[in-house]
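Participant: Numbering (our numbering), first residue to last: 457 to 1260.
1. Quick check on the DSSP output: the beta strand (DSSP E) that includes residue 518 runs from which residue to which?
2. In the DSSP assignment, the beta strand (DSSP E) including residue 532 goes from what residue to what residue?
3. Assess, as a yes-or-no matter, whether the region 527-545 is touched by the region 672-687 under the definition of 3 or more beta carbon pairs within less than 8 Å.
4. Going by C-alpha distance, which of 986, 1200, 1081 is nearest residue 874?
5. Reducing DSSP to helix, strand and coil, say where residue 1072 ends up.
6. State the Cα-Cα distance for the pair residue 457 and residue 469, rounded to the nearest angstrom.
7. How would you label residue 952, buried or exposed, when you count the other beta carbons within 10 angstroms and need 16 or more for buried?
8. Give the DSSP-derived three-state secondary structure of residue 587 in the structure shown.
9. Is the beta carbon of residue 583 less than 9 Å from the beta carbon of residue 705?
10. By the DSSP assignment, the alpha helix (DSSP H) with residue 914 in it spans what residues?
11. The alpha helix (DSSP H) with residue 620 in it runs from where to where?
12. Start and end of the alpha helix (DSSP H) containing residue 879?
13. Alpha carbon to alpha carbon, how far is residue 851 from residue 859? Give it in angstroms, no decimals.
14. Are there three or more Cβ pairs, one per stretch, closer than 8 Å when the region 478-489 is compared with the region 499-511?
15. Here's a check: name, in chain order, each residue in its chain whose Cβ is nearer than 6 Å to the Cβ of residue 518, leaving out the five neighbours to either side.
16. How far does the alpha helix (DSSP H) with residue 1120 in it extend, from its first residue to its last?
17. With 16 other CB atoms within 10 Å as the buried threshold, where does residue 909 fall?
18. With a cut-off of 8 Å on the beta carbons, I'd call residue 749 and residue 888 a contact; round off their distance for me.
19. What's the gap between the Cα of residue 822 and the Cα of residue 557?
20. Give the DSSP-derived three-state secondary structure of residue 850 in the structure shown.
21. Going straight from the alpha carbon of residue 1261 to that of residue 1187, what length do you get?
22. Candidates 1047, 805, 667, 1043: which alpha carbon is nearest residue 866's?
23. What whole-angstrom Cβ distance do residue 574 and residue 601 have, given they're in contact under 8 Å?
24. By the three-class DSSP mapping on this structure, what secondary structure does residue 470 have?
25. Specify the secondary structure class of residue 753 as computed by DSSP and reduced to three states.
26. Using only the alpha-carbon positions, how far apart do residue 689 and residue 924 sit?
27. Assuming residue 928 contacts residue 839 under a Cβ cut-off of 8 Å, what Cβ separation, rounded to an integer in Å, is found between them?
28. Does DSSP put residue 1227 in a helix, a strand or coil?
29. For residue 844, decide whether its Cβ has a neighbour in chain C, counting only Cβ atoms nearer than 9 Å.
30. Considering only residues of the same chain and omitting the five flanking positions on each side of residue 1220, which have a CB-CB separation below 8 Å?
31. What's the C-alpha gap between residue 832 and residue 972?
32. Who are the near neighbours of residue 775 in its chain, counting only those whose CB is closer than 6 Å to its CB and skipping five residues on each side?
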């Protein structure tokens, strides 16, 4: 197995052992046993950084379903390396943080870490898979595992609601993405992402090109919480804070970003892709920042800020896709590639400062008992370390120096200014809105960052409003966010090292163009004449004024009442569909067995009968039929008489006897057709069944004839005759509609192939050995179930006797 395959499955396989650690070493927090897994994977991935920077790529294929072209192929390049480092690096810090955040006494820790490891393995599978179907498999596994993590505190209504919401939206997008993948395979004849990218130049003329693009984007937008699918992310904040720090800042929400970046070589250069990705990203950026300002819950504020930042990254990927429109050695290509570089740079920066901020909010909640901004304040002197971390993370998110967010935000401004001057896709007109939207959203971002810091940590301390007496967090909870905020500062002073070894290889993966000249310079100072600098100055000035006079203009949010929100639309659809389903179900779920049989048999008559006559399938071919002897006619007559007699039987005993006659006549047919094994089996089963029927009916009350109306009897007769006619037609038509050669000729050589002179036994014991073994396993499980029920019943009886 390749080390890439091992990296994916190690967390998933290790999850199997978590319950044993949890039970055997109950005095030690389970997180200590989990911590080495992401740490080892992170360290091992760092050893590949220099190789990837030097142009090396790692790929390994394991045959899975070769007949369909589906293989377990893993691939590591610059783009997947960035995501894999985030998944394992931030995962290590999150697990270390959760050791001190989650209580050993109150929490089901084994479940938490099982779900977390499943999610980690699934995310690694998404970013390292080269096969579309394998990617989709892990994509949906992230949705399932995140559902379990969000609903970890399942006793809370909001946790269950948030988990259901995220599941419904992301899985719906995942199914549409699967349809897009199938279309891509239909166009290219391959499931491999690498091979599809190799054919990218020939796909745009296909009629499936645009539908595939839209369906894949739908999957990406739902997963990365883009407008208007962003509504699931705030409700997902009901998860424990370590989950929010991991899934909703660094990993799961970045899966959609990764998908867009990965398929940019396929769809990049197309106007549809450029406009949809760029505009959806910018709208998400603005709406997320605008909505974040009105939040009073710290995690809700961070949720909408995450939505905003994801929109920013998405818009840069959209603008960077314009590079495919230009010559690879041109300045336009280089400046367009700057947007891709900025997107990947901010992808990393966002994971550092947002992961730290989620942990800080978790500390505030853990040590004060509340996340409500209206109840907080004055914590700066009581929790100075936490305040420092919050200030660094918030100022980085606001785009202030000397923090890494300033660098990527400046590059974002450069990207939107450059995009508006490209002269393609009518950017000379509509593109003028790009810098305006970006700047307004940055002003609002500055405002909510100031709210996060100053409303929480400055002002008056009101202990009576808190559920706990505030104090600084233990050192174990401070180390993980401390590492992240240290990276925030370090990256600001040494950005070029990251660019050369990590970011540029990522850009090469997104824009794999031969002879391309990529933008690779990251610096904090662009000169006094740089428009980005003055945009930042204006952001700080206007943002500060808006923060100071926040109460004066917050009334603007009354123009957007919560009753008109997308959440209301979602809830209305959910409630409406439930009510409609309940009404529809109530019409046919009457509780009457007769009605259910009428539905089933009517559908059988209509579906099968229609297909037979529509396809001219009713063809009777008797040329190969054996002659019917007199004794066979006698047996058939007896079976028919017995079957009709059951209908008119006036006692259960008569019905049982006639049913037995049917079974025994079938056994005689097996004897005539030289199948003694089947005849013996039929005789045994028929005898046992008759005995069981007699035993059961002995304890039933007397048989009272039902009062059935003539109309009901007539309908029963019509349905019965219809089913009988259709089944008879199907049986008669089988001989004249053979689509394939009979397999009986193969089994005739059973002695040579399997060493069995009895064909039936050879089929059961050799040709269908696995099938037979599984049938035996099912019977064994059923037997164990019956035995367990009997033992439980007998133990209950003994307990009652002892109590008496």
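No residue lacks a Cβ here, since even glycine has one placed at the ideal position from N, Cα and C.
Facilitator: So, to answer that:
1. 514-521
2. 526-532
3. Too few Cβ pairs lie closer than 8 Å, so no.
4. 986
5. coil
6. Confidence is the limiting factor: at residue 457 the pLDDT is only 49, short of 50, which leaves the residue's position unreliable and the question unanswerable from this model.
7. exposed
8. strand
9. no
10. Segment: none, residue 914 is in no alpha helix (DSSP H) and carries neither H nor E.
11. 613-644
12. Unbroken run through residue 879: none, as it is neither H nor E.
13. Put simply, the backbone Cα of residue 859 is about 7 Å away from that of residue 851.
14. Contact fails between the region 478-489 and the region 499-511, because fewer than three Cβ pairs, one in each stretch, are under 8 Å apart.
15. By the criterion of a C-beta distance shorter than 6 Å, residue 518 is surrounded in its chain by 528, once the five residues flanking it on both sides are discounted.
16. 1108-1128
17. buried
18. The pair is not a contact, with the Cβ atoms about 25 Å apart (cut-off 8 Å).
19. 8 Å
20. helix
21. This structure does not reach residue 1261, given that the chain is present from 457 up to 1260, and the question cannot be answered.
22. With respect to the C-alpha of residue 866, the residue from 1047, 805, 667, 1043 having the closest C-alpha is 805.
23. 4 Å
24. helix
25. strand
26. 28 Å
27. Confirmed, Cβ separation roughly 5 Å.
28. helix
29. Considering every chain present, this structure includes no chain C. It has just one protein chain.
30. 1228
31. 53 Å
32. 734, 795, 871, 875
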